[in-house]
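See structure below.
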Amino acid sequence: MNELPKAYSPHEVEDRIYKSWEEKGYFHASPNPDKKPYSIVIPPPNITGILHMGHALNNTIQDILIRFKRMQGFETEWMPGTDHAGIATQNVVERSLAKEGIKRQDLGREKFIEEVWKWKEQYGSTIIKQLKKLGCSCDWERTRFTMDEGLSEAVLEVFIRLYEKGLIYKGNYIINWCPRCQTALSDEESQHKDVEGMLYYIKYQIKTPDKRLKTIEHVVVATTRPETMLGDVAVAVNPKDKRYKNLKDKTLILPLLNRELKVIFDPIVDLKFGTGALKVTPAHDPVDFELGSRHDLEKINVMNPDATINSIGGEYEGMDRFEAREAILEDLKERGLFIKSEPHRHAVGHCYRCHTMIEPRLSPQWFVKMKPLAKPAIEVVKKGKIKFYPVRWTKVYLDWMNSIRDWCISRQIWWGHRIPVYYCKNCSETGILKSKVRIQNSKFEKGIIVSKIKPEKCPICGSTEIEQDPDVLDTWFSSWLWPFSTFGWPKSEPELKYFYPTDSLVTAQEIIFFWVARMVMAGMEFMGDIPFKNVYIHGTVRDIAGTKMSKSLGNIIDPLDMVEKYGTDALRFSIISITAQGQDVFLAEGKFELGRNFANKIWNASRFILMNLKPDEVDVSLCTFFKAMKLSLSEKWILSRFYSTLKIVTTCLGEYRFNEAANSIYEFFWHEFCDWYIEIAKSTINEKTSQVILYKILEKSLRMLHPFMPFVTEEIWQKLPHEKDHVGDSIMVQPWPHLQKEMISSHAESEMGKLIEIIISIRNMRSVWNVEPILEINAVIKSHKKDKKLIFDNADIIKRLAKISDLSIGMLAKPKNAAVSIVGAVEVYVPLEGVIDIEKERTRLEKEAAGFENEIKRFRKRLKDKNFTSKAPKGVVEKQKERKAELQLRIKKLKANLKDIWA
RNA sequence: GGGCACUUAGCUCAGUUGGUUAGAGCGUUGCGCUCACAUCGCAGAGGUCAGAGGUUCAAGUCCUCUAGUGCCCACCA
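The numbering of the first sequence is our numbering, which starts it at 510 and goes up by one.
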């Protein structure tokens, strides 16, 4: 007989089991005409990241889904992978080079990229390997990386297709510039944070003051960024603003630089803000840029890439933007042009990688036109082809899609997919090429050649002076292709056909815009179909104070530490059972005890069953057994409870309600199977029926639990006897338990409920009257015919679980000096000679009666109400009547007993 | 400025179309190492479901408002 060790030690078990799964090839999936596909793609973690609780939650959910579907007989593909995280990775490698005193510029582009690849080989797959520690059953053979050959090919293909369609263009616009990373960022990569800033009021003199109107000799403008005044070209006011009517045709003088400024009138200017006069800096502010374009103003860029002032700034050249701000304010004060400053709270963009304040900056960048791509992506969600769980994210998605703006995709860094654009120096200089000329697999326009590979010479002028665009693409420009590029697109691989569209996408809300929305657009554009059917958005993992967990705050609970301390199954079960659908999770370390204790309970219950199991007895089909054998109430009850639970769990998993599923299993296994059934079965453990029920419930429960706690269930399952052709197999490839509806019996459940209540009531009386636990006592149960059979049939159970030596049943009188409990229509007496304190017992019963009295009032009132009896559904009225009758009976009995005690 | 979520036991949170007595884990009180499990068992205490109004025979659940908390989005310089 296989026996389990006394204690479960996860570390001994987990690695061994994981390896065995890998060796058997259970994780790998490929197109299989006999099975339906079910596929998930992992939200690729970034190669510089460390595994945190968010990943643990995210991947636990995915693994539960994939294991569940695998057991349900689907061909399940869970594709793992990582993204190259252009800016983050470049920063990391630059920092490590800096320790050796090397700058990336010292190495040059090629050498530097080599260094990054080296770094990637060494550290880049750490995070994904750690997923194995979480038990994730990913198809490792298909692990993908956004810079892989295949995925890179997809990126180039997509760039070219969009360019040919006119959806990619290069333009000089205001973009989000990170002065530290020295690159452009997309709008999504600029995170708005509230900043306590200042609003400065500055005088701009009028060049030729109108002598008749002495009052107006200058205009006061308000700004939060005085340093940008170096690039001012105008002052704008609202045409409706009466204060500034006289400024028409006037010219102003820019302080410090003495440049002449136009006055322009535009409705975009808010009359109520500041002084109603807006200084216009087209090269450093999006609104000003718009004004500049509308009014044909010069765009003067006053900053270098690192946000220091350039030569246009005259004496301020070389100063950092904040230094320049101070210096300029000082100089303005000296000249009496500074009026005042006031505190001003406003939202300012920050780099999502290094948190440096974004500088809006005019620069030539590549963009994707988003409106045409958004249109089908809006349609499919509106039509419900893609569903969000919870549904509220649908609105968030649609709102963003509807107000989408063009996507800046070029980055001024080295690590990433280099933009497949080449410039012919000759043609661009001469401006020969104005019309679109197509050459093989590429595009040619105004000296621009778009091509997957570098052309040897210019196809128009033959010049060999061809240079590739130095920029690389936004990392998300490769991630948005993930659901199909990972399956081999643009080639039409069988995998792509079979597994696309994927089924579920499980991710956090933070990347809905970055990733989810863009994947839908890419899927529709390049595959002509949705990339996934369901999007499950789970909550953010926070610490107990509600702060998002982050390394810099030091409030991280490392999942690997928790695995070390409590075991993988404990981590998984704990986190899943405390995470309500889509709700944020507040974690404290103690919460993992829940899962650890549960794993321990499963282990010990299994150990007990195995210790007593006779394998020959249990080699039967539960179905035929159920029909052939006469089962006792407790046996019918536990089967019914198991299948009721299975029903709930199956439904919940299909609706992404993981915590409800987990909690149902927990409740069933611990508080029904262990606390009651196993205790009851102990006295009949050698009998066939007990053997079969114990074994079947355990074996099926393990299968039901497996997606949640893969290791402990596998370890135990391996020790259970199985039919011959199952030996050696793994629980992870067993079928999900089949729902036997005929075994669900509400009658058995309610009858057993009565029995449990009776036992609890006796235990309660024992506890209240301090009866020694070991001491066996007598009890009398007064009962009508209806319940008499139930109690009589199960007298042994009552006697054993309530420690009763002699149990009398029937229409019996209350013994002298007995404690009383009313359970439904049944009275339970425990004679306690010399122990009972009459007064105390009286108080106890009176209190109980008062509670019933209160409750009964509500029913009386409700049942009197004709509206209720006529309008409420039948079942409800009847149930309430029953309840009322029951309560009345109880009170009657309590009163009778009170009298007795009193007398 | 716009949007979303949250407020239920001492703490952390569940509560699916409104319908019997509002649940769990932790903590707490009393008793117990009964040969599966002290990472345990048994019994208990503890809640005017944030506040106010409304719809309904019936509201923790639906609607409106108020207060507090958190998050996301946003070109008032």
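Glycine is no exception: its CB is placed at the ideal position from the N, C-alpha and C atoms. Every value quoted in this text rests on a predicted model; they were computed, and no experiment measured them.
Residue burial classification, residue i (beta-carbon count within 10 angstroms, cutoff 16)
{"i": "H855", "result": "exposed"}
{"i": "F1177", "result": "buried"}
{"i": "L871", "result": "buried"}
{"i": "Q1092", "result": "exposed"}
{"i": "P552", "result": "buried"}
{"i": "R1399", "result": "buried"}
{"i": "Q614", "result": "exposed"}
{"i": "E619", "result": "exposed"}
{"i": "S944", "result": "With a pLDDT of 37 at S944, under the threshold of 50, the predicted position of this residue should be treated as unreliable, and no value is reported."}
{"i": "N950", "result": "Residue placement at N950 is flagged as unreliable, the pLDDT there being 39, under the threshold of 50; a coordinate-derived value is accordingly withheld."}
{"i": "C933", "result": "buried"}
{"i": "A516", "result": "exposed"}
{"i": "S802", "result": "exposed"}
{"i": "F782", "result": "exposed"}
{"i": "P1382", "result": "exposed"}
{"i": "H864", "result": "exposed"}
{"i": "E1034", "result": "buried"}
{"i": "F1012", "result": "Looking at the sequence shown, residue 1012 is not Phe but Asp. With 16 or more other Cβ atoms within 10 Å, it is buried."}
{"i": "M1320", "result": "exposed"}
{"i": "Q631", "result": "exposed"}
{"i": "D980", "result": "buried"}
DSSP three-state assignment for residue i, whether helix, strand or coil
{"i": "V1289", "result": "strand"}
{"i": "I715", "result": "strand"}
{"i": "M1472", "result": "This structure cannot speak to residue 1472, because the chain is shown only from 510 to 1412."}
{"i": "T1049", "result": "coil"}
{"i": "G659", "result": "helix"}
{"i": "V1025", "result": "helix"}
{"i": "C933", "result": "strand"}
{"i": "D1070", "result": "helix"}
{"i": "V730", "result": "strand"}
{"i": "G680", "result": "strand"}
{"i": "H853", "result": "strand"}
{"i": "T652", "result": "coil"}
{"i": "K1401", "result": "helix"}
{"i": "Y517", "result": "coil"}
{"i": "H701", "result": "strand"}
Beta-carbon spacing of residue i, residue j below 9 Å
{"i": "F654", "j": "I556", "result": "yes"}
{"i": "P869", "j": "I684", "result": "yes"}
{"i": "M588", "j": "C647", "result": "yes"}
{"i": "T598", "j": "W924", "result": "yes"}
{"i": "P735", "j": "L806", "result": "no"}
{"i": "I711", "j": "T737", "result": "no"}
{"i": "D779", "j": "P748", "result": "no"}
{"i": "T652", "j": "I637", "result": "yes"}
{"i": "A1190", "j": "S1143", "result": "yes"}
{"i": "L643", "j": "W1112", "result": "no"}
Through-space distance from residue j to residue i, alpha-carbon basis
{"i": "Y547", "j": "N541", "result": "11 Å"}
{"i": "E835", "j": "E705", "result": "16 Å"}
{"i": "F1008", "j": "R1105", "result": "36 Å"}
{"i": "E1251", "j": "V1129", "result": "18 Å"}
{"i": "Q921", "j": "K884", "result": "30 Å"}
{"i": "K1401", "j": "S1330", "result": "13 Å"}
{"i": "D504", "j": "A693", "result": "Since the first and last residues shown for the chain are 510 and 1412, residue 504 lies out of range."}
{"i": "F1022", "j": "K896", "result": "16 Å"}
{"i": "Y682", "j": "V811", "result": "15 Å"}
{"i": "M1138", "j": "V1201", "result": "11 Å"}
{"i": "E1413", "j": "Q1227", "result": "Any answer about residue 1413 is impossible in this case: the structure gives the chain only from 510 up to 1412."}
{"i": "I1290", "j": "V1158", "result": "38 Å"}
{"i": "Y527", "j": "Y1075", "result": "17 Å"}
{"i": "I821", "j": "L765", "result": "12 Å"}
{"i": "V746", "j": "I867", "result": "26 Å"}
{"i": "F1095", "j": "E1355", "result": "43 Å"}
Handout entry: beta strand (DSSP E) segments (min. 3 residues) lying fully within the region 1156-1204
Key = Runs of the beta strand (DSSP E) inside the region 1156-1204: none found.
Problem - 4-residue-minimum alpha helix (DSSP H) runs that sit fully inside the region 1217-1288, ordered along the chain - result: 1219-1228 and 1255-1277
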